[in-house]
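Trainee: In the numbering used here, the protein residues as written are 996 to 1317.
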Ligand code: UDP
Ligand code: MG
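(1) Around the ligand UDP, which residues pass a check of Cβ closer than 6 Å to any of its heavy atoms?
(2) May I ask you to check if the CB of residue 1174 is nearer than 8 Å to at least one heavy atom of the ligand MG?
(3) Using only the heavy atoms of the ligand MG, determine whether one of them is closer than 8 Å to the beta carbon of residue 1131.
(4) Relative to the alpha-carbon of residue 1087, which residue among 1264, 1167, 1303 and 998 has its alpha-carbon at the smallest distance?
(5) Is there contact here, the region 1229-1239 with the region 1042-1056, by at least three beta-carbon pairs under 8 Å?
(6) Below 8 Å, can you find three or more Cβ-Cβ pairs linking the region 1245-1257 to the region 1198-1210?
(7) At which residues does the alpha helix (DSSP H) containing residue 1145 begin and terminate?
(8) Is it the case that the Cβ atoms of residue 1040 and residue 1075 are separated by a distance below 9 Å?
(9) Give me the Cβ distance between residue 1194 and residue 1111, rounded to the nearest whole Å; I'm assuming they're in contact under 8 Å.
(10) What number of angstroms, rounded off, separates the C-alpha of residue 1103 from the C-alpha of residue 1010?
(11) From residue 1295 to residue 1176, what distance separates their C-alpha atoms?
(12) To test your reading of the DSSP string, which unbroken alpha helix (DSSP H) runs of 4 or more residues are found completely within the region 1020-1063?
(13) Hey, how far is the Cα of residue 1004 from the Cα of residue 1274?
(14) If contacts are defined as beta-carbon pairs under 8 Å, then residue 1125 and residue 1018 qualify, I think. What distance do you get, rounded to the angstrom?
(15) Does the separation of the CB atoms of residue 1162 and residue 1184 fall below 9 Å?
(16) What distance in whole Å lies between the Cβ atoms of residue 1224 and residue 1136, which are believed to be in contact at a cut-off of 8 Å?
(17) Using the Cα positions of residue 1259 and residue 1266, report the straight-line distance between them to the nearest angstrom.
(18) Between the region 1022-1037 and the region 1116-1131, do at least 3 Cβ pairs fall closer than 8 Å?
(19) Might you give, ordered along the chain, the residues of its own chain that have their beta carbon closer than 8 Å to the beta carbon of residue 1316, omitting 5 neighbours on each side?
(20) What does residue 1122 pair with, by DSSP beta-bridge criteria?
(21) Since residue 1099 and residue 1200 are thought to touch, with beta carbons under 8 Å apart, how far apart are those beta carbons, to the nearest angstrom?
(22) Would you identify the three-state DSSP class for residue 1177, choosing helix, strand or coil?
(23) If residue 1187 and residue 1170 are in contact, beta carbons under 8 Å, what's the gap, nearest whole angstrom?
(24) Suppose you measure from the CA of residue 1001 to the CA of residue 1133; what does that come to, to the nearest Å?
(25) Helix, strand or coil for residue 1316, going by three-state DSSP, please let me know.
Written as structure tokens, this is what we have:
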């Protein structure tokens, strides 16, 4: 049994966990090894995002063994980004490191991050120089997504950087003030500013288990990223509208001239039908885009809490999830 720290730790590690029973022991072992070698006081904040396997029991066991392991247990699954948010809310360290629980992000990089932090950097994000064990489809869609989001949004999100990063207390406090529901954490952590730097690493394969991000979740995640930093999609309807209106003026002129010169072109139903269907499609897409934003606005105005915690284990007084 390892006793808890007597004062707030220097380093907090935040790991979101969703059905990772096969990984937790190894995660703890590797974390403890790395962090003990760094030689600062630390805590490991495990956020159980509504797992239905043995993850929560294992977390409690780990806490019994080592009181520096703290557990936030959600009442249900709230999603990866919300789990990270909760972890950062509860973390009390001077530096907070967000890391995936599946050991795709190597804990051994934390040493380098802490060193950069000591040099005065306030956000140290990990850049994937190489990604192992990911499908070509995932690599391709990810590359397309980062290309797109950097083109159309004001924030310059580093390519190939995930959520694995070290943030100074100042950055965490700034981020905690943003309580939006559709959270794109890697964007928010760029948006707040501060001194940022990347460190490269090779992204490993999952230690065990399988990805919790099927394509549908990835798509939603990408939409959240785009809609929370850009309204270009909304403006697209305006641009398209002007373009098509301009085109139709030309079309009117063209048909008038054809008629005057006695041509039989454009008499059929087919051309009308095609144009009406085309415009109908564009209008529905535009409505859908407005809907995406409207739904998000609706969710924000309801002002529900971001997450509901059923147990918080091992935190000192004042650890909170406001
Ligand atoms: N995760 C979570 N809630 C979810 C989905 C995932 O907390 O609803 C956690 C998961 O346990 C892991 C991290 O988020 O620690 C990243 O998920 P995953 O490894 O499945 O994503 P990938 O690496 O395949 O993109
Ligand atoms: Mg993973």
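We treat Cβ as the ideally placed atom computed from N, Cα and C, and that holds for glycine.
No experiment lies behind these values; they were computed from the predicted model shown.
Mentor: Taking the structure as given:
(1) 1011, 1012, 1013, 1015, 1044, 1072, 1074, 1075, 1078, 1095, 1096, 1097, 1099, 1206, 1207 and 1208
(2) Counting from 1 along the chain shown, the entry for residue 1174 is found at position 179. No.
(3) Here residue 1131 refers to the residue found at position 136 when the chain shown is read from its first residue. Not under cutoff, so the answer is no.
(4) Stepping through the chain shown from its first residue, residue 1087 is reached at position 92. For the residues 1264, 1167, 1303 and 998, the minimum Cα distance to residue 1087 belongs to 1167.
(5) no
(6) As far as the Cβ criterion goes, the region 1245-1257 does not touch the region 1198-1210, which means the pair count is below three.
(7) Counting from 1 along the chain shown, the entry for residue 1145 is found at position 150. Residues 1131-1147.
(8) Residue 1040 sits at position 45 when you count from the first residue of the chain shown. Residue 1075 sits at position 80 when you count from the first residue of the chain shown. No. Outside cutoff.
(9) Mapped onto the chain shown, residue 1194 falls at position 199. Mapped onto the chain shown, residue 1111 falls at position 116. Indeed, because the Cβ distance is near 7 Å, the residues count as touching under 8 Å.
(10) Within the chain shown, residue 1103 is the residue found at index 108, counting from 1. Within the chain shown, residue 1010 is the residue found at index 15, counting from 1. Cα-Cα distance, rounded: 15 Å.
(11) Along the chain shown, read from residue 1 onward, the residue named residue 1295 stands at position 300. Along the chain shown, read from residue 1 onward, the residue named residue 1176 stands at position 181. Using only the alpha carbons, I get a separation of about 6 Å.
(12) 1050-1060
(13) In the chain shown, counting from the first residue as 1, residue 1004 sits at position 9. In the chain shown, counting from the first residue as 1, residue 1274 sits at position 279. Approximately 60 Å between the Cα atoms of the pair.
(14) As a first step, residue 1125 is located in the chain shown; it is residue number 130 there, counting from the start. As a first step, residue 1018 is located in the chain shown; it is residue number 23 there, counting from the start. That pair is no contact at about 21 Å.
(15) Stepping through the chain shown from its first residue, residue 1162 is reached at position 167. Stepping through the chain shown from its first residue, residue 1184 is reached at position 189. Contact flag set, yes.
(16) To locate residue 1136, count along the chain shown from 1; it is residue 141. To locate residue 1224, count along the chain shown from 1; it is residue 229. Contact flag wrong, Cβ pair sits at about 18 Å.
(17) Here residue 1259 refers to the residue found at position 264 when the chain shown is read from its first residue. Here residue 1266 refers to the residue found at position 271 when the chain shown is read from its first residue. Their backbone Cα atoms lie some 13 Å apart in a straight line.
(18) no
(19) The residue labelled residue 1316 in the question sits at position 321 within the chain shown. Confidence at residue 1316 is low in this model, with a pLDDT of 46, below 50, so its placement is unreliable and no value can be given for it.
(20) Stepping through the chain shown from its first residue, residue 1122 is reached at position 127. In the DSSP output, where bridge partners are listed per residue, residue 1122 has 1156 and 1195.
(21) What you label residue 1099 is simply residue 104 of the chain shown in a count that begins at 1. What you label residue 1200 is simply residue 205 of the chain shown in a count that begins at 1. Yes, residue 1099 and residue 1200 are in contact; Cβ-Cβ is about 7 Å, under 8 Å.
(22) If you number the chain shown from 1, residue 1177 lands on position 182. The three-state reading of DSSP puts residue 1177 in coil, since its state is none of H, G, I, E or B.
(23) By 1-based counting over the chain shown, the position of residue 1187 is 192. By 1-based counting over the chain shown, the position of residue 1170 is 175. Right, the Cβ-Cβ distance comes to about 6 Å (below 8 Å), so this counts as a contact.
(24) Within the chain shown, numbered from 1, the residue matching residue 1001 stands at position 6. Within the chain shown, numbered from 1, the residue matching residue 1133 stands at position 138. Using only the alpha carbons, I get a separation of about 44 Å.
(25) The residue given as residue 1316 occupies position 321 in the chain shown. With a pLDDT of only 46 at residue 1316, under the threshold of 50, the placement of this residue in the model should not be trusted; the figure read from the coordinates follows. DSSP places residue 1316 in coil when its eight states are reduced to three.
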